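Be aware that the sequence shown starts at 43, since it is given in this note's numbering, and climbs by one per residue. All C-beta atoms in this analysis are idealised placements derived from N, C-alpha and C, irrespective of residue type, glycine included. No experiment lies behind these values; they were computed from the predicted model shown. The structure appears right after this line, and notes come after that.
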Amino acid sequence: MDNRFINFINKLKQKKNTNFQLSLQKKKFLKRSKIINFAYDLQTGSYIRKWKKKRQRYNKYVNEIINVIYNNFGDIKFLLDAGCGELTNTITLKKIMKKTQIYGFDFSLNRLLAGKKYFKLNNEDFKFVCATLMDIPFNDKSFDISVTMHAIEPNKGLEEKIIDELARVSTKGMVLVEPDFKNANSSQKKRMKKFRYTRNLENVLKRKKFLFKKIPMKYPINEKNRSSIFVVFKKKTSKSKPILVDPFLKKKISLANKDFVYSNNTNTVYPVINNIPVIKKNCAILLPVN
């Protein structure tokens with residue numbers, strides 16, 4: 043990033059009633075992943091503000107998802123909230139699913155820190171990691187199920203890679219709560235095209251021969267962006283156990299403390315900020331070879 047772009051970001055941050063994603067999309071040199079990253083970083087805190095105003099609606103939304111989880115997968119020991127953002131939904135998952143150990147990750151460290159601070163969470167409550175959907179830093183079969191709530195939505199073109207990663211870390215299956223282009227009205231379809239949201243999730247699941255069913259949501263948070271619950275089943279199930287790995291080779295992390303995590307396999311370290319490991323490829327620090 044050069045100084046001009048940093049100045050642009052700082053000016054954008056000061057603007058009110060601005061859609062950050064649309065503004066960033068005008069910068070043709072930015073990759074889609076960077077646009078999403080900057081947009082969500084810039085709007086940190088907005089989801090908590092919405093949650094405070096619509097708490098009852100959020101509770102109905104998450105309760106509907108939890109009922110689908112129990113009805114299709116029974117008791118869950120380990121659950122991954124993939125793309126957990128400011129933790130507005132994660133907190134309700136934990137409140138109701140008391141016997142389930144909840145893990146969560148998001149690519150935006152700012153949003154994780156904001157949620158952790160607002161909900162006054164400590165390390166015993168949840169396990170959080172800053173990471174991407176394309177390189178989930180957990181071992182194969184770490185969780186019973188993985189859940190997304192509009193996390194795949196902005197990642198048009200990356201659906202297959204994300205689905206592969208979510209399936210890799212899950213033993214029983216996945217619960218994907220995402221906008222459904224096929225069931226959307228004309229206004230929502232126009233909106234999904236405008237923001238370049240994913241529109242072929244169902245086709246990806248069919249192409250990859252997953253067994254799944256689709257349940258339209260009764261209680262969406264945003265009526266303009268209604269979603270369906272894609273319940274995806276894995277053919278073979280096994281026991282789950284969360285194990286942290288590096289994002290390159292998916293090998294077990296060798297050392298973790300309050301300041302950093304270290305991978306002996308790749309000889310890389312990753313920072314830990316406020317007890318949240320930042321395990322992203324672009325945050326890896328390659329150590330010199332002795």
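Item	Value
Inter-residue spacing [alpha-carbon to alpha-carbon] between N347 and N306	This structure cannot speak to residue 347, because the chain is shown only from 43 to 332.
Terminal residues of the beta strand (DSSP E) in which V273 lies	S269 to F275
Proximity to L163 [Cα-Cα], best of P179, N114, V314 and K136	K136
C-beta atoms of M176 and K203 nearer than 8 Å	yes
Where the beta strand (DSSP E) containing L253 begins and where it ends	L253 to P258
Whole-angstrom C-beta distance between I263 and R99, which should lie under 8 Å	6 Å
Proximal residues to I257 (C-beta, below 7 Å), its chain only, five neighbours per side dropped	V110, S270, I271 and V273
Proximity of L329 and N309 at Cβ, strictly below 8 Å	yes
Test item: CB-CB of K183 and T213 under 8 Å	yes
For F180, three-class secondary structure by DSSP	strand
Close Cβ partners of V104 (< 7 Å) along its chain, the five nearest in sequence each way excluded	N131, T134 and L135
Check whether F185 and V217 have beta carbons under 8 Å apart	no
Residues that DSSP places opposite V320 in a beta bridge	C172
Simplified DSSP assignment, three categories, for E106	helix
4 or more residues per run - each alpha helix (DSSP H) lying fully within the segment 44-121	45-56, 62-67, 74-84, 88-95 and 97-115
Nearest-angstrom Cα separation, counted from T279 out to G215	8 Å
First through last residue of the alpha helix (DSSP H) which encompasses L155	L151 to Y160
Selection from P313, F275, K323 and I315 that minimises the alpha carbon distance to N113	F275
For P313, the nearest candidate out of D288, Y89 and N101 (CA to CA)	D288
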